[in-house]
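In what follows, a structure is listed as structure tokens, so that the remarks can point back to it.
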Amino acid sequence: MKKIKKLLYKRDKSGYILSIPALLLLFVFVILPFIMAIYFSFTNRTFIPNPKLGTDFVGLDNYKTLLNDPVFWKALGNNIYFTAIAVPIQVTLALLLAILVNQKLKGITFFRTVFFSPVVIPMLIVSITWSLFFTPTENGLINSIISFITFGQVDLIKWLYDPSTAMLSIIILSVWQGVGFQMIIILSGLQAIPEDLYESASIDGATKWKQFRYVTMPMLRNNLVFVITSSIIMSFKLVTQVLVLTQGGPLNSTQTLVYLIYQSGYIDQMIGYASAIAVVFFIIVFTLSIIQQKFTKMVEN
Amino acid sequence: MKKMSKLLVVSIVLLALLVGCATNKTDTSAGDKTEIILWRGDGTDQEEAFYNKQIEEFNASQDKYVVKAEVFPYTEIAKTARAAVATKGMPDIMFLDDTDVSNMAFSEVIIPLDDIVKELPEDISDSAFTGYKENVYGISQQEGGLGFWANKSYLEKAGVRIPTYDTPWNKAEFDEALEKLSNLEEIDYPLDIKANFGSGYVAYAWQPIIKSFGGDWYNEDTITADGALNGEKTVEALTYIQELSDKGYINSNQTSDTELIEKRAALDLTGHWNYNDYKAALGDDLVLLPLPDFGNKSQTGVGGIAFTITKYAEETGKSEGAAEFIKFALQDTYQSEINSVNGSLPVNMKILETIDHFKEGGDLYLYAQQLEGENYAVRPPSPAFPTFQEEIGRAAFNILHGADPKSELDTAASNIDNVIQQNGY
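If you read the protein sequences in the order shown, they are chains L and Z.
Here the first sequence is numbered in the working numbering, starting from 362 and rising by one per residue.
Here the second sequence is numbered in the working numbering, starting from 87 and rising by one per residue.
The following block contains the structure:
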């Protein structure tokens, strides 16, 4: 008994013991499937192999096919486009909203809740709701607002039905859904900034802008780094919106890597090929986060 | 100390394994009867009652077998089955959408049912049997009907002839009808083609139109796409549908599906499942019309939920009991009830003729004629059907929105055949 107590209270050992359940789950549901995916990516495995045909090793064939597949490059391009547009907008908006709801006003909690509320709605529901807003006819909510404001001078926008606006539509609804989460994280950073920093800054004669630039921004750096990193990785995982709204269309304009994995694995039942995409996807995201870490370290120094 | 921590690790792992295994035990006998597990999708209250009654009465009539149903969300059955193959937790009988049958047959998850077919009444329509290669793997107890639902008073107002099974519109007449109907003030788009229903609906409901042009989604002999899906006739058919959209006869940006009952459309490409709602909305104005004859007769679509028997049932010696149940469920008594349960058509043609709706003069007489005439399109009986559906749906959507039909269909055909070849189908 004493021994167990000692074991549990001794710092180095107890940590390992307590993390066993979590590690076990991580191993079974994340690491093991990933190892299996690497293995499958070198085979022609299908969803349920035919007992007579079985599963064979095909070497690097899946990777060769992948690199020669124009849809893969299109999907990768779309992912980069989505990230490059959505992340800056989302982070800037989140920062502005956070500053807005950080004021000490009566009933400000209400506004915080309002801005945060889209986050608690599942993406599936958000997508279905927005598909109605994006109705491409004059009856659509957004189209009728635009035509009302501009006195009908602007042509109807076909939103999800037009290759040039489909991804943009998905960006709009994704930003709307995700911005509250980033806002809360930045808000927590804002509230951790000691009040006296601002007081001494204003005694020194700093304007509001200078206070923001030289007090708020440096103090928020860790929060912003986290927000940017997490939203880049999350935006690479873009799939629910595509699955619900466009299935990768029109003309592959909303095709993304994760949707391609779903399509190859679930619809085409080519588990080997889907695994190869998953492995490449992992390498891309992994590289991105390493570059990001290096970059933030560089900025810190 | 080290020993202690090792012991802890080992005991936790063992505990986890125990919990995992505890649910793995299956009991295959109930008393001295052999238990047969049936998986089916959920349905409406009436359907639930109907399926449960079939099972109860079968169990009461048997001293050898007892059927026990496990119910899943309808759309999850095929996915659950695929997962079950991996974990070896298969049932004995499965209800599958008939488009999933080929895939399961290819993977040898289900077994041929030709012996059962021989013992069934002769009056059962061929459309009830879902085949893969030379064998029958699925048997449906209900069939769908597909045609145009139409608003008779609009047709009369526009001066359009009302077609019948024997005298469907030809292409010129159909064009003229659409033009006349689109001139009516009340109508936005004369034909509601359900552009918003997605790829599954395109694969099902557009196929009769394609087939009437002389094309199809697949080559019947090889069950591949190239040469058929991108063949001359199919391209012609989809180019025609694109023209309908360009002329404003169909709405390619459709988001609702109530145009007919809101009296903003005159024709509606759907089937038997809308009968009650449409009848309530339009009353005597509602008529059922055959699809036009574009050269290769007026065609219709078929599709049902099929009974299948698993390899697992065969291996555990329960396939005979499963077969008994399927034969029992296809008896005349149940066949004559099925229409009042969910509006679908019984597969036994003799029974079909006894139901008022399907008799001459009845609202749904056309469906009976279509099924007897055997001019219907069967969706690709290919293990790659999910790919067929996805690619056909994607091409159709792009074509409706202005893409070049030939190049879209070429891409779709090559993607499908690539999957067929890669997966060894």
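Every residue, glycine too, gets a C-beta built ideally from N, C-alpha and C.
These figures come from a predicted structure and were not determined experimentally.
Need the endpoints of the beta strand (DSSP E) that residue i sits in, please.
| i | result |
| --- | --- |
| Y304 of chain Z | No beta strand (DSSP E) holds Y304 of chain Z; DSSP gives it neither H nor E. |
| E499 of chain L | Neither: E499 of chain L is in no beta strand (DSSP E) and is coded neither H nor E. |
| K120 of chain Z | The residue you asked about is not Lys; residue 120 of chain Z is Thr in the sequence shown. That run of the beta strand (DSSP E) goes K119 to G127. |
| E446 of chain Z | First-last for E446 of chain Z: undefined, no H or E at that position. |
| I391 of chain Z | I391 to I395 |
| L232 of chain Z | L232 to N237 |
| V152 of chain Z | Y151 to F158 |
| G539 of chain L | First-last for G539 of chain L: A527 to A553, but that is the alpha helix (DSSP H), not the beta strand (DSSP E). |
| G217 of chain Z | F215 to Y218 |
From residue i to residue j, what does the alpha carbon distance come to, in whole angstroms?
| i | j | result |
| --- | --- | --- |
| A600 of chain Z | F408 of chain L | Nothing can be reported for residue 600 of chain Z, as the shown portion of chain Z is limited to 87 through 511. |
| I482 of chain L | Q543 of chain L | 15 Å |
| N504 of chain Z | G390 of chain Z | 28 Å |
| S211 of chain Z | I399 of chain L | 48 Å |
| Q538 of chain L | G447 of chain Z | 55 Å |
| F411 of chain Z | A146 of chain Z | 12 Å |
| T310 of chain Z | Q508 of chain Z | 13 Å |
| F680 of chain L | I589 of chain L | Any answer about residue 680 of chain L is impossible in this case: the structure gives chain L only from 362 up to 662. |
| E271 of chain Z | S530 of chain L | 34 Å |
| S591 of chain L | N439 of chain L | 19 Å |
| A447 of chain L | T341 of chain Z | 27 Å |
| A459 of chain L | I545 of chain L | 7 Å |
| P431 of chain L | Y326 of chain Z | 29 Å |
| I506 of chain Z | G357 of chain Z | 31 Å |
| A567 of chain L | L558 of chain L | 11 Å |
| F597 of chain L | L618 of chain L | 8 Å |
| A499 of chain Z | K154 of chain Z | 42 Å |
| T185 of chain Z | L485 of chain L | 26 Å |
| S650 of chain L | F403 of chain L | 26 Å |
| I644 of chain L | S285 of chain Z | 33 Å |
| I547 of chain L | P449 of chain L | 14 Å |
| T490 of chain L | L534 of chain L | 10 Å |
| K257 of chain Z | D363 of chain Z | 30 Å |
| K319 of chain Z | I478 of chain Z | 15 Å |
In the DSSP assignment, the alpha helix (DSSP H) including residue i goes from what residue to what residue?
| i | result |
| --- | --- |
| V222 of chain Z | It is not in any alpha helix (DSSP H) - V222 of chain Z instead sits in the beta strand (DSSP E) that spans N221 to S226. |
| I176 of chain Z | Sequence inspection shows Met at residue 176 of chain Z; the Ile mentioned does not correspond to that position. That residue, M176 of chain Z, is in no alpha helix (DSSP H); it is neither H nor E in DSSP. |
| N501 of chain Z | P491 to Q508 |
| F682 of chain L | Any answer about residue 682 of chain L is impossible in this case: the structure gives chain L only from 362 up to 662. |
| E265 of chain Z | K257 to S268 |
| N423 of chain L | D422 to L428 |
| R473 of chain L | I469 to V481 |
Going by the C-beta, is residue i closer than 6 Å to any heavy atom of the ligand ADP?
| i | result |
| --- | --- |
| I632 of chain L | You won't find the ligand ADP in this model; it holds no ligand whatsoever. |
Give the DSSP-derived three-state secondary structure of residue i in the structure shown.
| i | result |
| --- | --- |
| L372 of chain Z | strand |
| N434 of chain Z | strand |
| Y620 of chain L | helix |
| A352 of chain Z | coil |
| A470 of chain Z | coil |
| Y377 of chain L | helix |
| D183 of chain Z | strand |
| I279 of chain Z | coil |
| D523 of chain L | coil |
| E143 of chain Z | helix |
| I163 of chain Z | helix |
| E133 of chain Z | helix |
| Y400 of chain L | helix |
| N110 of chain Z | Residue confidence is low: N110 of chain Z scores 42 on pLDDT, short of 50, so the model does not pin down where it sits. No coordinate-derived value is stated. |
For the putative contact between residue i and residue j, defined by C-beta atoms under 8 Å, what is the C-beta separation to the nearest angstrom?
| i | j | result |
| --- | --- | --- |
| D379 of chain Z | W255 of chain Z | 7 Å |
| Y620 of chain L | L604 of chain L | 7 Å |
| L452 of chain Z | Y251 of chain Z | 6 Å |
| A167 of chain Z | V195 of chain Z | 7 Å |
| G300 of chain Z | G381 of chain Z | 6 Å |
| N423 of chain L | Y634 of chain L | 5 Å |
| V187 of chain Z | Y151 of chain Z | No, V187 of chain Z and Y151 of chain Z are not in contact; Cβ-Cβ is about 23 Å, not under 8 Å. |
| D178 of chain Z | Y398 of chain Z | 7 Å |
| G501 of chain L | F483 of chain Z | At roughly 18 Å, the Cβ-Cβ gap does not stay under 8 Å, so G501 of chain L and F483 of chain Z are not in contact. |
| A408 of chain Z | I122 of chain Z | 6 Å |
For residue i, go through chain A and note every residue whose CB falls closer than 7 Å to its CB, in chain order.
| i | result |
| --- | --- |
| G626 of chain L | Annotation note: the requested chain A is absent from the structure, which comprises protein chains L and Z. |
Touch test, the segment 365-378 of chain Z against the segment 170-188 of chain Z, Cβ-Cβ under 8 Å, three pairs minimum: With fewer than three CB-CB distances shorter than 8 Å, the segment 365-378 of chain Z does not count as touching the segment 170-188 of chain Z.
At least three beta-carbon pairs within less than 8 Å, the segment 492-505 of chain L to the segment 516-527 of chain L: yes
Segment contact flag, the segment 341-351 of chain Z with the segment 275-287 of chain Z, C-beta cutoff 8 Å, min 3 pairs: yes
The segment 305-324 of chain Z / the segment 257-264 of chain Z touching (three or more Cβ pairs under 8 Å): At 8 Å Cβ cutoff, the stretches do not touch.
Inter-stretch contact at 8 Å, needing at least 3 Cβ pairs: the segment 422-433 of chain Z / the segment 226-234 of chain Z: yes
The segment 122-142 of chain Z touching the segment 418-429 of chain Z, judged by at least three CB pairs closer than 8 Å: yes
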